[in-house]
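Visitor:
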Amino acid sequence: MQTKLCPKCGEVSPDNAKKCDCGHRFDSDEVQDDEGRRRSALAQWLGVGRLNVLAFSVTCGLFWGVGLFLITWWIIFFDGATGEPTLIARVYRGYNISPFGSLVGFGWGLIDGLVGGAVFSWLYNLLSQLSTMRRGS
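In the numbering used here, the protein residues as written are 1 to 137.
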């Protein structure tokens with residue numbers, strides 16, 4: 001009995017198999033994801049498919065909120081709580097270099113990151129889908 005060796009995962013499949021369990025198609029160099037959609041070679045190499053909009057936006061929100069919180073405390077630690085308005089305070093109302101300002105900054109950063117992450121991941125998924133449709137998936 002003849003077998004095929006998958007170049008992607010190294011698994012052995014029967015000779016009559018059209019694709020490997022990992023999604024690699026033996027008749028082409030494409031890999032399909034779990035839903036059967038084709039992915040580009042770059043997406044295969046990076047291991048990137050669709051982004052989960054909720055997970056990505058929450059991650060961005062927490063990253064930016066916590067980052068702004070920590071940067072504020074870093075400045076307080078080295079320069080003191082000046083309460084001075086900053087460039088960021090022009091965008092985030094109520095933010096200043098103070099303990100309360102760090103909480104305000106966390107809140108604004110969380111909201112800003114959630115919105116920015118949601119828009120980014122939605123747009124990424126849309127453009128990725130359009131690119132796949134254009135190739136004739």
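Note that beta-carbon positions come from the ideal geometry of N, C-alpha and C, so glycine has one too.
(1) Using 10 angstroms around the beta-carbon of Gly101, count the other beta-carbons present and answer buried if the total reaches 16, otherwise exposed.
(2) Closest to Leu87 by CA distance: which of Thr72, Val119, Pro99 is it?
(3) Please report how far the alpha carbon of Gly116 lies from the alpha carbon of Thr3, in whole angstroms.
(4) Inspect the CB distances between the stretch 69-83 and the stretch 116-126 and report whether three or more fall short of 8 Å.
(5) Would you tell me roughly how many angstroms separate the C-alpha atoms of Gly107 and Gln129, rounded to the nearest one?
(6) Which of the three DSSP states, helix, strand or coil, is assigned to Arg90?
(7) Between Leu114 and Cys60, which are expected to be in contact by the criterion C-beta below 8 Å, what is the C-beta distance as a whole number of angstroms?
(8) Any idea what DSSP makes of Leu5, helix, strand or coil?
(9) Can you round the beta-carbon distance between Tyr95 and Gly83 to whole angstroms, since I take them to be within the 8 Å contact cut?
(10) Can you tell me which of Ile76, Asp27, Gly109 puts its alpha carbon nearest to the alpha carbon of Leu62?
(11) Going by the DSSP bridge assignment, what does Arg50 pair with across the sheet?
(12) Quick one: residues in its chain with C-beta nearer than 7 Å to the C-beta of Ala81, no 5 flanking neighbours on either side, listed in chain order?
(13) Given a threshold of 16 other Cβ atoms within 10 Å of its Cβ, counted over all protein chains shown, does Glu35 qualify as buried or as exposed?
(14) Under 6 Å Cβ to Cβ from Pro14, same chain only, skipping five residues before and after it: list those, please.
Guide: In this structure, then:
(1) Position 101 of the sequence shown, counted from the start, is the residue given in the question as residue 101. Gly101 comes out buried.
(2) Against the sequence shown, residue 87 aligns to sequence position 87. Among Thr72, Val119, Pro99, the Cα nearest to that of Leu87 belongs to Thr72.
(3) As a first step, residue 116 is located in the sequence shown; it is residue number 116 there, counting from the start. As a first step, residue 3 is located in the sequence shown; it is residue number 3 there, counting from the start. One C-alpha to the other measures close to 48 Å.
(4) no
(5) For this step, residue 107 is matched to residue 107 along the sequence shown. For this step, residue 129 is matched to residue 129 along the sequence shown. Those two C-alpha atoms are separated by around 33 Å.
(6) For the purposes of this step, residue 90 is taken as residue 90 along the sequence shown, with counting starting at 1. Helix.
(7) Taking the sequence shown and counting its residues from 1, one reaches residue 114 at position 114. Taking the sequence shown and counting its residues from 1, one reaches residue 60 at position 60. 7 Å between Cβ atoms; contact.
(8) Here the question's residue 5 lines up with position 5 in the sequence shown. Strand.
(9) Position 95 of the sequence shown, counting from 1, holds the residue named residue 95. Position 83 of the sequence shown, counting from 1, holds the residue named residue 83. That pair is no contact at about 11 Å.
(10) To locate residue 62, count along the sequence shown from 1; it is residue 62. Nearest of Ile76, Asp27, Gly109 to Leu62, Cα basis: Gly109.
(11) In the sequence shown, residue 50 corresponds to position 50, counting from 1. Answer by DSSP bridge pairing: none, since Arg50 is not bridged.
(12) Start at 1 with the first residue of the sequence shown, and residue 81 comes out as number 81. Taken in chain order, the residues that qualify are Ile97, Ser98, Pro99.
(13) Taking the first residue of the sequence shown as position 1, residue 35 is located at position 35. Confidence at Glu35 is low in this model, with a pLDDT of 49, below 50, so its placement is unreliable and no value can be given for it.
(14) Translated into positions along the sequence shown, residue 14 becomes position 14. Cβ neighbours of Pro14 beyond the five flanking positions: none.
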